[in-house]
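So the structure is just underneath, and the comments pick up after that.
There are 2 protein chains.
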Amino acid sequence: MDVALVGFGTVGQGVAEAIATKNHVLEQSLGDKVRIVAAFDSSTYAVDKSGLDPLDLVKRKAAKGKLGKVRKDSIAEMLKALDYDTLVEMTPTNIKDAQPGLSHIRAALGKGRDVITSNKGPLALKFRELANLAEKNECELRFEASVGGATPVINMARELLVCERICSIRGIMNGTCNFILSRMESEGIPYEPALREAQQMGFAEADPSYDIDGIDSACKAAILANAIMGLDITVHDVERTGIRGINLDAVNLAMQERKVVRLIGEVTSRGAEVSPRLIPRGHPLSISGTLNLFHIRTDLAGEITVAGRGAGRYETASAVMADIYTVMKLRRSIGQRD
Amino acid sequence: MDVALVGFGTVGQGVAEAIATKNHVLEQSLGDKVRIVAAFDSSTYAVDKSGLDPLDLVKRKAAKGKLGKVRKDSIAEMLKALDYDTLVEMTPTNIKDAQPGLSHIRAALGKGRDVITSNKGPLALKFRELANLAEKNECELRFEASVGGATPVINMARELLVCERICSIRGIMNGTCNFILSRMESEGIPYEPALREAQQMGFAEADPSYDIDGIDSACKAAILANAIMGLDITVHDVERTGIRGINLDAVNLAMQERKVVRLIGEVTSRGAEVSPRLIPRGHPLSISGTLNLFHIRTDLAGEITVAGRGAGRYETASAVMADIYTVMKLRRSIGQRD
Chain A
27 MDVALVGFGT
37 VGQGVAEAIA
47 TKNHVLEQSL
57 GDKVRIVAAF
67 DSSTYAVDKS
77 GLDPLDLVKR
87 KAAKGKLGKV
97 RKDSIAEMLK
107 ALDYDTLVEM
117 TPTNIKDAQP
127 GLSHIRAALG
137 KGRDVITSNK
147 GPLALKFREL
157 ANLAEKNECE
167 LRFEASVGGA
177 TPVINMAREL
187 LVCERICSIR
197 GIMNGTCNFI
207 LSRMESEGIP
217 YEPALREAQQ
227 MGFAEADPSY
237 DIDGIDSACK
247 AAILANAIMG
257 LDITVHDVER
267 TGIRGINLDA
277 VNLAMQERKV
287 VRLIGEVTSR
297 GAEVSPRLIP
307 RGHPLSISGT
317 LNLFHIRTDL
327 AGEITVAGRG
337 AGRYETASAV
347 MADIYTVMKL
357 RRSIGQRD
Chain B
27 MDVALVGFGT
37 VGQGVAEAIA
47 TKNHVLEQSL
57 GDKVRIVAAF
67 DSSTYAVDKS
77 GLDPLDLVKR
87 KAAKGKLGKV
97 RKDSIAEMLK
107 ALDYDTLVEM
117 TPTNIKDAQP
127 GLSHIRAALG
137 KGRDVITSNK
147 GPLALKFREL
157 ANLAEKNECE
167 LRFEASVGGA
177 TPVINMAREL
187 LVCERICSIR
197 GIMNGTCNFI
207 LSRMESEGIP
217 YEPALREAQQ
227 MGFAEADPSY
237 DIDGIDSACK
247 AAILANAIMG
257 LDITVHDVER
267 TGIRGINLDA
277 VNLAMQERKV
287 VRLIGEVTSR
297 GAEVSPRLIP
307 RGHPLSISGT
317 LNLFHIRTDL
327 AGEITVAGRG
337 AGRYETASAV
347 MADIYTVMKL
357 RRSIGQRD
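Heads up: the sequence lines are chains A and B, in that order.
So the mapping is simple: the working numbering equals the position in the first sequence, first residue as 1, plus 26.
So the mapping is simple: the working numbering equals the position in the second sequence, first residue as 1, plus 26.
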């Protein structure tokens, strides 16, 4: 399968390394490998029909800060002209207008190419448009990496829980907020120093509002609402309260009742919401630290929980690889049918 | 798909009801339905090539305690003569000689029929023989319901984590033990009254040794070791310590260190083990109550946790239905290929 990698930051580099490490697994179980025929960072690119060496791309990026030639046209324009089977879109999330990822995905789906993305922006703002475009052009749009990093919540709901009616999904959808709340609870420190600790450890940005105001969680809740509950909403439709208002008194009061405060994203057939909630200690949602966790209520199974690392170079690459595997498997079964 | 249901206790009745409820989902997504062509309880049976009404079977069993005519031959003999596509084997676990389930599964696989089972015995004692028989006769042997009830740990590892190298699985594999340990911890009550409470609530048998001595956990650990780590072991190869020796002092001492005592099954490429361990509060494995939970370490994703209800009529049926879906999907893709 010929892929075009777009976005070559932490996630893109992790995916290139994962392709190098796991191509033999793909070949063993599916009889096909991934060939990288194009790779783009924000200003440069490399193209080779016979395949680019993934580890060579990573080395080049580390040594020179670029992949190859300086780009003159937009990536979207180039994607329209290029020859490839699958776009792997890994540019950063932008929840203002979802660009440039939105244009990249439109360009690929528009010419009937499968798309795998880790980018929340296009899915949190234009989900239905993109899903419809994929359906019309009979191609795959997959985005496991966009929600919960390595946590296979979307593929679990779509592939393993097919016979279940999913009633709700509640989750810890942001590791930074959960780290802050966990530290307030276990160390008895106030909100501000817990936030500074998260910043020092690299979990939270200098401007932490995207995490602590619940915007990141709201993006994930919107994606799940669209992908799993079949809704048609954007991040702006998600009712949202962050953790800025949580003080140590609230955390301590909860602990006296054997409860913990957690920022919970909730998705039902009626919509999505993000807000701090009290969770009994020992409940799956009471988990500490930076993990992401999703608690799914269904009619037969009752409740199923899945948790994993919400971010990281190889963790996010893991979810992209799972989608690459599925797309290759689907392409193979279509090939056999034809 | 024509199925023969064998075993019509709680699980068998739950599966019959689930088939009645979910046949429209199967038809919608796969274009085929389940038709029950035979059903067996321990002494009676009903057979109808044109299909038995699943809810009628459940009613008959509830009203008369039997499904139909009294059986003269063994179920295994009858399964050899019967015409069906897939055996759903749900007789109770027997870890002495795995019978009668073992003979049922051998009979079906022996004539190239797919098998779905919730029965731990044959898998904990004769895994490799049965897996080899299935492979030789090109049929499916699936057993999601045998480990962790509704928790989709096997299908997750096999379908969703294909690109991952699984290094270890640690899990809370017995809900009864976890209930007892959770109650000792949250209520400060000693082991004996916590066990009696579990018995009164119907979680533990009058003879609780199968649960509290870790035998049930060891069966599940052996199945996971065989199915996911590719080993060839039985329940007897699992090093095993139960929770009989755990007193309230140990639980309280752990709590002072912000830890909890949990009975953990652990599976690696070197083998399987069941023993009480100290787990930090807030860690995925620190979960309270009767859930089953599996914490999977892998090379790319790092760690993935999946949890769910370990037992129950509809919960176990949920896992059987997931396997029914997969087998129907595979049969369809083979049909399309031919």
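The C-beta atom is built at its ideal place from N, Cα and C for all residues, glycine as well.
- Under the criterion of beta carbons closer than 8 angstroms, Leu105 (chain B) and Leu93 (chain B) do not qualify as touching, at roughly 15 angstroms.
- Per DSSP, the continuous alpha helix (DSSP H) segment holding Ser212 (chain B) begins and ends at Gly201 to Glu213.
- Just measuring C-alpha positions, the residue of A:Leu151, A:Asp140 and A:Gly57 sitting nearest Asp263 (chain A) is A:Leu151.
- Rounded to whole angstroms, the gap between the alpha carbons of Gly147 (chain B) and Cys245 (chain A) is 45 angstroms.
- Bounds of the alpha helix (DSSP H) holding Ser129 (chain A) are Gly127 to Gly136.
- The beta carbon of Glu213 (chain B) sits closer than 8 angstroms to the beta carbons of Ala220 from its chain, once the five residues preceding and following it are set aside; these are given in chain order.
- Around the beta carbon of Val96 (chain B), fewer than 16 other beta carbons lie within 10 angstroms, which makes this residue exposed.
- Shown here, Asp233 (chain B) sits in coil according to DSSP, grouped into three states, outside any helix or strand.
- Per DSSP, the unbroken alpha helix (DSSP H) holding Asn49 (chain B) starts and ends at Thr36 to Leu56.
- When DSSP states are grouped into helix, strand and coil, Thr352 (chain B) belongs to the helix group.
- Residue B:Leu56 holds the alpha-carbon nearest to the alpha-carbon of Lys355 (chain B) among B:Leu56, B:Thr324 and B:Gly127.
- Under the Cβ distance rule, Lys106 (chain B) does not count among the residues neighbouring chain A, no pair being separated by less than 9 angstroms.
- Taking the Cα of Glu103 (chain B) as reference, the smallest distance to any Cα among B:Asn145, B:Pro126, B:Asp233 and B:Glu43 is reached at B:Pro126.
- Those residues of the stretch 182-208 of chain B placed with their C-beta closer than 7 angstroms to a C-beta in chain A are Met182, Glu185, Leu186, Val188, Cys189, Glu190 and Ser208, ordered along the chain.
- Residues Ala224, Phe229, Gly315 and Thr316 of the same chain have their beta carbon placed closer than 7 angstroms to that of Phe205 (chain A), with the five preceding and five following residues left out of the count.
- Taking the C-beta atoms as reference points, Glu329 (chain A) is found nearer than 9 angstroms to Pro310 (chain A).
- Contact with chain B is absent for Leu274 (chain A), since none of that chain's Cβ atoms lies less than 9 angstroms from the residue's Cβ.
- Between Val41 (chain A) and Met347 (chain A), the C-beta spacing is below 9 angstroms.
- Across the stretch 289-303 of chain B, no CB contact with chain A closer than 8 angstroms is found for any residue.
- Proximity of Leu31 (chain A) to chain B, defined by a Cβ-Cβ separation below 9 angstroms, is not satisfied.
- Looking at the DSSP output, Val114 (chain B) shares a beta bridge with B:Leu31 and B:Ile142.
- With contacts defined by Cβ atoms closer than 9 angstroms, Arg86 (chain B) and Ala72 (chain B) form a contacting pair.
- Each residue's CA atom was taken as its position, placing Arg296 (chain A) and Ile259 (chain B) some 48 angstroms apart.
- For Thr119 (chain A), none of the residues of chain B pass the 8 angstroms Cβ criterion, the least Cβ distance being about 20 angstroms.
- For Ile254 (chain A), no CB of chain B lies under 9 angstroms from its own CB, so it is not counted at the interface with that chain.
- Under the three-state reduction of DSSP, Phe66 (chain B) is assigned to strand.
- Listed along the chain, the chain A residues whose CB falls inside 8 angstroms of the CB of Arg335 (chain B) are Ala327, Gly328 and Glu329.
- In the DSSP annotation of this structure, Ala333 (chain A) is not part of any alpha helix (DSSP H); the continuous beta strand (DSSP E) holding it starts and ends at Glu329 to Arg335.
- Look at Pro80 (chain A): its C-beta is not under 9 angstroms from any C-beta on chain B.
- Taking the Cα of His50 (chain B) as reference, the smallest distance to any Cα among A:Cys189, A:Pro302 and A:Ser301 is reached at A:Cys189.
- Residues of chain A whose Cβ lies closer than 8 angstroms to the Cβ of Glu341 (chain B) are, in chain order, Leu326, Ala327 and Gly328.
- In the pairwise beta carbon analysis, the stretch 247-257 of chain B is classified as touching the stretch 172-185 of chain B: at least three pairs are separated by under 8 angstroms.
- Cβ-Cβ distances below 6 angstroms link Ser100 (chain B) to nothing in the same chain once the five nearest sequence neighbours on each side are left out.
- Using a CB distance cut-off of 9 angstroms, Ala220 (chain A) does not count as an interface residue toward chain B.
- Listed as beta-bridge partners of Ile269 (chain A) by DSSP are no residues whatsoever.
- The closest CA to that of Asp74 (chain B), considering only B:Val29, B:Gly38 and B:Gly271, is found on B:Val29.
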